[in-house]
Amino acid sequence: MIEISNSPSVLPVEGQVLPSVLPVEGQSTPNISGYDVLKELGRGSFGKVFLARRHENDQQVAIKMMHSSPTQFAFMKKLLQKEYSLMKGLKHPNILQVFASGVTSQGLFYFGMELATMGSLDDLMLQKLTVKGFWTEERAKTIMFQAASGLNYLHSANLCHRDIKPDNIVFDYKAQVKIIDFGVAAYVPPGGLIHLLFLVILRIFIYYLCHKGGRRLFS
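Position one of the sequence shown corresponds to residue 1 (UniProt numbering), numbered consecutively onward.
In structure tokens form, the structure reads like this:
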């Protein structure tokens, strides 16, 4: 899992233009052809995520790149390549979209992906948002429906995410759900237990959303 820092604490108005972002002074960023890499957004066990501007269309995107650890180089590269291979064929409004991949001059594999600006579901619950109506029952239903829609799409393609949790459910600038982090995802043969697993995960997710830490989040 990649931990994203400095998540916004308010929801933008639909269609809002995101402010330009400047590089952080003194922060080292990789050189990637076709992109201006602006700053690091977060990191996990096997990779980092950077904010970047794509030269092709001047769009702000995220770049996921493997760590340069010499002891686990081959393993991390294989893991990230597998994640990209699984995600590049997925087209659904509730699955984070990925695009062109490549290798840096240092041999580090990376791929570009859609930028989710509103943080994760876990971030939003922990921040105890006070935006009027956000934690209404209707809003919770919308989040659950969108997450379930994305999962149903994956399962229809015999793909099991295997790491669904609030940290891996993020929001774009329109507050639309995006499922992320396919590092441990796997294909399941037709007729497997994927649908039963889906029901178990959904029940746990609903309970977590409604009763995080024993505190009801609905208004």
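All residues carry an ideal CB built from backbone N, CA and C; glycine is no exception.
- A residue is called buried when at least 16 other Cβ atoms come within 10 angstroms of its Cβ; N94 meets this threshold and is buried.
- By the C-beta density criterion, Y187 is exposed, having fewer than 16 other C-beta atoms within 10 angstroms.
- The beta-carbon distance between M118 and D172, rounded to whole angstroms, is 7 Å. This is short enough to meet the 8 Å contact definition.
- Measuring C-alpha to C-alpha distances from S68 to each of Q60, G183, Q106 identifies Q106 as the nearest.
- Looking at S156, L159, M144, Y110, the one whose alpha-carbon comes closest to that of A175 is M144.
- In the structure shown, S101 falls within a strand segment according to DSSP collapsed to helix, strand and coil.
- Excluding sequence positions up to five before and after G47, its CB lies within less than 8 Å of the CB of I2, K64, M65, M66, H67, M76, L80, all in the same chain and listed in chain order.
- The DSSP-derived three-state label of K82 is helix.
- Rounded to whole angstroms, the separation of the alpha carbons of L115 and L51 is 8 Å.
- Short of 8 Å from the beta carbon of Y35, and not among the five residues preceding or following it, lie these beta carbons of its own chain, in chain order: A52, R53, R54, H55, V61, I63, G112.
- With distances taken between CA atoms, E40 lies nearest to S28 out of S28, I32, S33.
- If you look at L51, you'll find it in the beta strand (DSSP E) that goes 47 to 54.
- Per DSSP, the beta-bridge partners of S120 are V170.
- Note on geometry: alpha-carbon atoms of T136 and K91 lie some 29 Å from one another.
- In the three-state reduction of the DSSP assignment, G150 falls in the helix class, which pools H, G and I.
- Where E40 is concerned, the enclosing beta strand (DSSP E) starts and stops at 35 to 43.
- Counting only residues of its own chain and dropping the five nearest sequence neighbours on each side, N168 has a CB closer than 6 Å to the CB of I180, D181.
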